[in-house]
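Colleague:
There are 2 protein chains.
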Amino acid sequence: MAPGKILVAQGGGPTAVINQSLVGVALEARRFGHIGHIYGARHGVRGIIDENFVDLTQETSHNLELVANTPSSALGSTRDKPDAAYCHEIFKVLQAHKIGHFFYIGGNDSSDTVRIVSEEAQAANYPLRTVHIPKTIDNDLVGSDHTPGFPSAARFVALAFAGANLDNAALPGVYVGVVMGRHAGFLTAASALGKKFPDDGPHLIYLPERTFVLEKFLADVKATYERYGRCVIAVSEGIHDASGRPIAALLAKEMEHDAHGNVQLSGNGALGDLLCQEIKTKLNIKRVRSDTFGYMQRSFIGCVSDVDQREAREVGEKAVQFAMWGDRDGSVAIKRTGFYSVDYELLPLSTVAGKTRTMEDEFITESGTDVTDAFRMYLRPLLGSKMPDAFRLRHNPIAKVLHC
Amino acid sequence: MAPGKILVAQGGGPTAVINQSLVGVALEARRFGHIGHIYGARHGVRGIIDENFVDLTQETSHNLELVANTPSSALGSTRDKPDAAYCHEIFKVLQAHKIGHFFYIGGNDSSDTVRIVSEEAQAANYPLRTVHIPKTIDNDLVGSDHTPGFPSAARFVALAFAGANLDNAALPGVYVGVVMGRHAGFLTAASALGKKFPDDGPHLIYLPERTFVLEKFLADVKATYERYGRCVIAVSEGIHDASGRPIAALLAKEMEHDAHGNVQLSGNGALGDLLCQEIKTKLNIKRVRSDTFGYMQRSFIGCVSDVDQREAREVGEKAVQFAMWGDRDGSVAIKRTGFYSVDYELLPLSTVAGKTRTMEDEFITESGTDVTDAFRMYLRPLLGSKMPDAFRLRHNPIAKVLHC
C-alpha cells in the first residue's frame, strides 16, 4: 500500500474552475483515515523539484470552499515538461516526504507529465499512485465527453459574442473576435451559442480543423456584409494555411516558443489586426474592428458555468476515490450518460497523454464556417443555468411622411 | 405647449444599460395622457433624417422590460454629428411628424447634438422640448457625479483585472491590459477595484490625465517585476506623450478618424503589442502578454451593475418628467446625496455639451500610477451588489527535507 501522504499540484493554463478540482481532492482525501497529510506543490512539478509545498490539511473547509470558487490555479502553475532526469528529481523529493499519491490537475501536457512520472515510479519500484485530473479550456483531451474548464470559457465566449453582436448591430461594420485554441476549435465554435436571431452574428466561424484560405475568407466576409450590412466573425488563434503554418505566425517577427515547443499564439493582438487590415484594404470597408479575447476567457471572475463548477469538483473527488479504492494509475474522464447527466471513469494514462482531440466532423457544417445543431446540443447544457439572454424591439415601423 | 408626440433616439457607443434609459422614457411617457405616440429613431439622428422611425407605443411593457436588460442600443446608434444644415433636415422631419419632445441618449458628442438641435429649434421658433439623457462608459460628462453605463463597464474592468491578476500569479510574468477611455482615465482606474491583497495587481495604472514617458514606464515595470516577480499593468488607450500625441497613434500607419475628428484608438491591439515589445526587448523579460479589452467592456452580456441599471432607468424617467413639468431644455445629471444615494437635476445644455471631464487630481496618487482611497470610495458603490471575490490558500508551508 502506498504511504499515507498525498500531493496535489496544478499545471498548464489556469481555468475558472481548476480550484474546484483542487478542493475536491483536499476535502475528499479527509474522509480517508489513513491519509496523514495533504500537500500542495506550488507551481506544479517545479514546486516538487523545489520542495515548495504547502499543507492543505491545515486549511479550514470554509476557506477551501471560498478558494474553490476563485478562478486560476490557487497553488500556482508551470509550463515545465519533465524529462527522465526531471522525474528522477521528483522521485527523490516524493520519497523524502513519504508521498504515496500524486494528483496532477492539467491538460494534454500535464497528462503526459503524469504518464512519465507514473512510468518512472514503476521503473524505480516506488509505490506511487498517480492520477491525472483533467482541465483545459481547449476541450482537447481524448476520451472525455468534455473537460472541466471548457464550459466556463465557452460561456464567456458565447456571452462575449452575444454582446459583440448587439454592439455591431447598433454601429454596423465588421467585427473580428479572436478566440483561444491552438489545435481544437471547440472554444471558437462556442461563439455560435451567442446567436439568437437568424441574422445575428457570429455570421462566420473559422476553426483550426479547417484550412484557412485568405481569399475565401475575404469572399465570405464580402458576401455577409452585402447581405446584412454588417459581419461578426469568430476566428480561432490556431487557424493555419494548407501547410499547417499558423496564420498568426506569418506575422510574428520573432516567434516565441514555450518548453513544449508550442508557438506563442495568445497574449497579443496581431492576428486580429492582420485580418482587419486585409478586410479594410481589400474590401474597402471602413468600420472594421477586432478584439482578442486573451486571458479573460480562461480567468474572468464572475462568468462561470455552475455545471462546470460541479463537474470540476467531482473529477477531483473521483480522482481520490479511484486512487484509494482502485489498483491502477490513470486519467479521470467525463462520460455523458443523459441530457444532461454525466459519470466518471479512469482511463489508462496512455490513452490520454500527449494526445489531442479536435472537433468531430459532425460538429462542423459543410461550409466550414458554422457549427451544426449537433454541436449546439452538445454544448448548451455545459454552459450552465442563468444564461443572460438578448431581446429586441419588435418591428413596428412608422410610415414616412416626407420621403414617402 | 409642445405637440403630443415624443421621439427618442440613442447616439454614440453602446453601453450595457443604455436600453434602461430608452425604456425609462417609453414607460414614463405612457403615464402622460396627452402623449399620443412614442417614436424611436433608428440609428440616432441619422434615423431622423431618414424618417426611419419605429412605434414604441405598440410595444408590450413586458418586451420593453426584456429589452431594458439587453446591452447595446436597441434602436441602433450613429456617429453622425449634425451641423446647422443637418439640423434643418431634422426640423423638417420633426415638424412633418408633429413631434414636440426629443430625447437623445448619449455622451459628450450627443449632448452637443442636442444643444445644436435645441438652438436651431428656438431660432426657427419651433415648439420643441429637447432633453439630453446621459450615457457613456468614459464617465467624462461635466456636471454629473458619474454617468450611466460607466458603472457596468467599470465592473467589467475590475473583474477582468481581478481574473488577470490571478492568472498572472499562477503563471508569473508581465501582463498589460489596455482599457477604453480617450481623455478620461476613470475606466482604466476602475482596474484598481479588482485588487484585494497588497501584492495583487494591477501594480501600475497609466491614465490619460498624466503624461506617458516610455523610459519611466519601463523603470516602473522593472522595479515592480523585481519586487513581486510579476507585474500587472492597466493602460488607458488614451495615454499620450508630453505634446499630447497618443502613444497608440505613434504606431498606426494610417490613422482613422471619425466624423468628430477623433482618431480610432479602439478596435485593435497595437498599443498593447507595442508596450509588450518594449518590455521584452528593453527589460529582457520573457513572459509578457497583453489583452486589449475592446468592445467587451461596454457590451458584454451578463456583467452589469444593478446600481447602474437602476440609475440608467431613472435618468430616462426623469428626462420625461423634466420635459413634461419643466419649462426648459437641458441635460439630466446625477448628483450623489449619500453613501450611497443619488438624486437627479436638469443642467443647462451649454454646461454639458461638448465638454470633457477628466479624473480629478484627488483621485490619482502622487506617483501617477495608482488611485487614491478617495477614488475607491467614489467607485465602489457604483459597481453594484454581488461582486465576485477572490480568495487564497493560507500560508502553511511544509519544511524542506532535501534542500534544507
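Chains as they are written, first to last, in our numbering: chain A, 1 to 404; chain B, 1001 to 1404. Just so you know, even glycine gets a beta-carbon here, dropped at the ideal spot from N, CA and C.
Which same chain residues, not among the five before or five after A:Thr-78, have their C-beta less than 7 Å away from its C-beta?
Modeller: Working through the first sequence from its first residue, we reach residue 78 of chain A at position 78. The residues are Gly-11, His-43, Gly-44, Val-45 and Arg-46.
Colleague: Are any of the Cβ atoms in chain B nearer than 7 Å to that of A:Met-255?
Modeller: Locating residue 255 of chain A in the first sequence gives position 255, where the first residue counts as 1. Note that A:Met-255 has pLDDT 48, beneath the 50 cutoff, so the model's placement of it is unreliable and the number below is only indicative. Chain B contact via Cβ: absent.
Colleague: Going by the CB atoms, is the gap between A:Asn-19 and A:Ala-68 shorter than 7 Å?
Modeller: What you label residue 68 of chain A is simply residue 68 of the first sequence in a count that begins at 1. What you label residue 19 of chain A is simply residue 19 of the first sequence in a count that begins at 1. Yes, these two residues count as a Cβ contact at 7 Å.
Colleague: Could you work out which residue in B:Ala-1041, B:Ile-1035, B:Lys-1098 and B:Cys-1303 is closest to A:Asn-396 when comparing CA atoms only?
Modeller: By one-based count along the first sequence, residue 396 of chain A stands at place 396. Cα-wise, what sits closest to A:Asn-396 is B:Ala-1041.
Colleague: Measure from the alpha carbon of B:Val-1342 to the alpha carbon of each residue in B:Leu-1349, B:Phe-1293, B:Ala-1333 and B:Asn-1268, then state which is nearest.
Modeller: Counting from one through the second sequence, the residue named residue 1342 of chain B turns up at place 342. Of B:Leu-1349, B:Phe-1293, B:Ala-1333 and B:Asn-1268, the residue nearest in Cα terms is B:Ala-1333.
Colleague: Output the distance between the C-alpha atoms of B:Ala-1084 and A:Asp-140, rounded to the nearest integer angstrom.
Modeller: Position 84 of the second sequence, counted from the start, is the residue given in the question as residue 1084 of chain B. Position 140 of the first sequence, counted from the start, is the residue given in the question as residue 140 of chain A. So the alpha carbons of these two residues sit roughly 59 Å apart.
Colleague: Starting from the C-beta of A:Cys-404, find all residues in its chain whose C-beta is less than 7 Å away, skip the five residues before and the five after it, and write them out in chain order.
Modeller: Working through the first sequence from its first residue, we reach residue 404 of chain A at position 404. None.
Colleague: Check whether the Cβ atoms of A:Leu-166 and B:Ser-1299 sit closer than 7 Å, and answer yes or no.
Modeller: Mapped onto the first sequence, residue 166 of chain A falls at position 166. Mapped onto the second sequence, residue 1299 of chain B falls at position 299. A contact, by the Cβ cut-off of 7 Å.
Colleague: Could you name the residues of the same chain whose beta carbon sits closer than 8 Å to that of A:Gly-13, not counting the 5 residues immediately before and after it, in chain order?
Modeller: Position 13 of the first sequence holds residue 13 of chain A. Same-chain partners within the cutoff: Ser-77, Gly-107, Thr-136, Ile-137 and Arg-298.
Colleague: On the three-pair Cβ rule with 8 Å, is the stretch 359 to 374 of chain A touching the stretch 179 to 194 of chain A?
Modeller: Yes: the two stretches touch, three or more of their Cβ pairs being nearer than 8 Å.
Colleague: Can you list the residues of chain A that B:His-1097 reaches, using a CB-CB cut of under 7 Å?
Modeller: The residue you call residue 1097 of chain B lines up with position 97 of the second sequence. Those are Val-401, listed as they occur along chain A.
Colleague: Assuming A:Ala-333 is part of the alpha helix (DSSP H), what are its boundary residues?
Modeller: Taking the first sequence and counting its residues from 1, the one referred to as residue 333 of chain A is at position 333. Unbroken run through A:Ala-333 is the beta strand (DSSP E), 330 to 338; no alpha helix (DSSP H).
Colleague: Check whether the stretch 226 to 235 of chain A and the stretch 191 to 202 of chain A touch, using three or more Cβ-Cβ pairs below 8 Å as the test.
Modeller: The stretch 226 to 235 of chain A is in contact with the stretch 191 to 202 of chain A.
Colleague: I'd like to know whether the C-beta atoms of A:Thr-70 and B:Phe-1391 end up nearer to each other than 7 Å.
Modeller: Translated into the one-based positions of the first sequence, residue 70 of chain A becomes position 70. Translated into the one-based positions of the second sequence, residue 1391 of chain B becomes position 391. Result yes, Cβ atoms of A:Thr-70 and B:Phe-1391 sit closer than 7 Å.
Colleague: If you measure beta-carbon to beta-carbon, which residues of the stretch 138 to 150 of chain A are closer than 9 Å to chain B?
Modeller: Listed by position along the chain: nothing, the set is empty.
Colleague: Please state whether DSSP places A:Ile-6 in a helix, a strand or coil.
Modeller: One-based indexing of the first sequence puts residue 6 of chain A at position 6. The answer is strand: DSSP assigns A:Ile-6 an E or B state.
Colleague: Going by beta carbon distance, what residues of the same chain come within less than 7 Å of A:Lys-318, once the five residues before and after it are set aside?
Modeller: By 1-based counting over the first sequence, the position of residue 318 of chain A is 318. Only Val-332 and Tyr-344 meet the Cβ criterion.
Colleague: At what residues does the alpha helix (DSSP H) containing B:Tyr-1225 begin and finish?
Modeller: Reading the second sequence from its first residue, position 225 is the one you call residue 1225 of chain B. Looking at the DSSP string, the run of the alpha helix (DSSP H) that includes B:Tyr-1225 is 1214 to 1228.
Colleague: Kindly say whether A:Gln-58, judged by its beta-carbon, lies nearer than 7 Å to any beta-carbon of chain B.
Modeller: The sequence position of residue 58 of chain A within the first sequence is 58, counting from 1. Closer than 7 Å: yes.
Colleague: I'd like the list of long-range same chain contacts for A:Lys-195, defined as Cβ closer than 8 Å, with 5 residues on each side in sequence excluded.
Modeller: Start at 1 with the first residue of the first sequence, and residue 195 of chain A comes out as number 195. Cβ neighbours of A:Lys-195 beyond the five flanking positions: Phe-161, Ala-162, Asn-165, Gly-201 and Pro-202.
Colleague: Compare the beta carbon distance of B:Val-1178 and B:Glu-1215 with 7 Å and say whether it is the shorter of the two.
Modeller: Your numbering for residue 1178 of chain B matches position 178 in the second sequence. Your numbering for residue 1215 of chain B matches position 215 in the second sequence. Cβ atoms of B:Val-1178 and B:Glu-1215: not closer than 7 Å.
Colleague: Suppose you measure from the CA of A:Arg-336 to the CA of A:Ser-367; what does that come to, to the nearest Å?
Modeller: As a working mapping, residue 336 of chain A is identified with position 336 in the first sequence. As a working mapping, residue 367 of chain A is identified with position 367 in the first sequence. Going from the Cα of A:Arg-336 to the Cα of A:Ser-367 covers about 28 Å.
Colleague: Give a yes or no on whether the minimum CB-CB distance between A:Met-419 and chain B is below 7 Å.
Modeller: An answer regarding residue 419 of chain A cannot be provided, because it is not within the stretch 1 to 404 covered by chain A.
Colleague: Terminal residues of the continuous alpha helix (DSSP H) containing B:Asp-1308?
Modeller: For the purposes of this step, residue 1308 of chain B is identified with residue 308 of the second sequence, where counting begins at 1. Counting along the chain, the alpha helix (DSSP H) containing B:Asp-1308 begins and ends at 1306 to 1325.
Colleague: Between which two residues does the alpha helix (DSSP H) holding A:Arg-182 run?
Modeller: Taking the first sequence and counting its residues from 1, one reaches residue 182 of chain A at position 182. Counting along the chain, A:Arg-182 falls outside any alpha helix (DSSP H), and DSSP gives it neither H nor E.
Colleague: Mind checking the stretch 1287 to 1298 of chain B against chain A and listing, in chain order, the residues whose C-beta falls within less than 8 Å of any C-beta there?
Modeller: Under the 8 Å Cβ criterion, the stretch 1287 to 1298 of chain B contributes Val-1288, Arg-1289, Ser-1290, Asp-1291, Thr-1292, Phe-1293, Gly-1294, Tyr-1295, Met-1296 and Arg-1298.
Colleague: Give the secondary structure of B:His-1132 by DSSP, where H, G and I count as helix, E and B as strand, and everything else as coil.
Modeller: Numbered from 1 along the second sequence, position 132 holds the residue referred to as residue 1132 of chain B. Strand at B:His-1132.
Colleague: Between the C-alpha atoms of A:Phe-53 and B:Ala-1399, what's the straight-line distance to the nearest angstrom?
Modeller: To locate residue 53 of chain A, count along the first sequence from 1; it is residue 53. To locate residue 1399 of chain B, count along the second sequence from 1; it is residue 399. Distance between the alpha carbons of A:Phe-53 and B:Ala-1399 is about 8 Å.
Colleague: Starting from A:Asp-343, follow its DSSP beta bridges and name the residues at the other end.
Modeller: In the first sequence, residue 343 of chain A corresponds to position 343, counting from 1. Partner(s): A:Lys-335.
Colleague: Return the chain-ordered list of same chain residues with a C-beta closer than 7 Å to the C-beta of B:Lys-1005, the five sequence neighbours on each side being excluded.
Modeller: Indexing the second sequence from 1 puts residue 1005 of chain B at position 5. Hits under 7 Å: Gly-1036, His-1037, Tyr-1039, His-1097, Lys-1098, Ile-1099 and Gly-1100.
Colleague: Does any C-beta atom of chain B lie closer than 7 Å to the C-beta of A:Val-67?
Modeller: To locate residue 67 of chain A, count along the first sequence from 1; it is residue 67. Yes, A:Val-67 lies at the interface with chain B (some Cβ there is under 7 Å from its Cβ).
Colleague: Buried or exposed, going by whether 16 or more other CB atoms sit within 10 Å of the CB of B:Ile-1240?
Modeller: By 1-based counting over the second sequence, the position of residue 1240 of chain B is 240. The sequence as given places His at residue 1240 of chain B; Ile does not occur at that position. It counts as buried.
Colleague: By DSSP, does B:Arg-1376 sit in helix, in strand, or in coil?
Modeller: Start at 1 with the first residue of the second sequence, and residue 1376 of chain B comes out as number 376. DSSP places B:Arg-1376 in helix when its eight states are reduced to three.
Colleague: Examine the Cβ distances between the stretch 1022 to 1033 of chain B and the stretch 1307 to 1324 of chain B and report whether three or more of them are shorter than 8 Å.
Modeller: These segments touch.
Colleague: Over the uninterrupted beta strand (DSSP E) stretch that includes A:Phe-103, give me the two end residues.
Modeller: Residue numbering aside, residue 103 of chain A sits at position 103 when the first sequence is read from its first letter. Unbroken beta strand (DSSP E) run through A:Phe-103: 101 to 106.
Colleague: What's the C-alpha gap between A:Tyr-378 and A:Leu-193?
Modeller: Residue mapping note: residue 378 of chain A aligns to position 378 of the first sequence, counting from 1. Residue mapping note: residue 193 of chain A aligns to position 193 of the first sequence, counting from 1. The straight-line gap from Cα to Cα measures roughly 11 Å.
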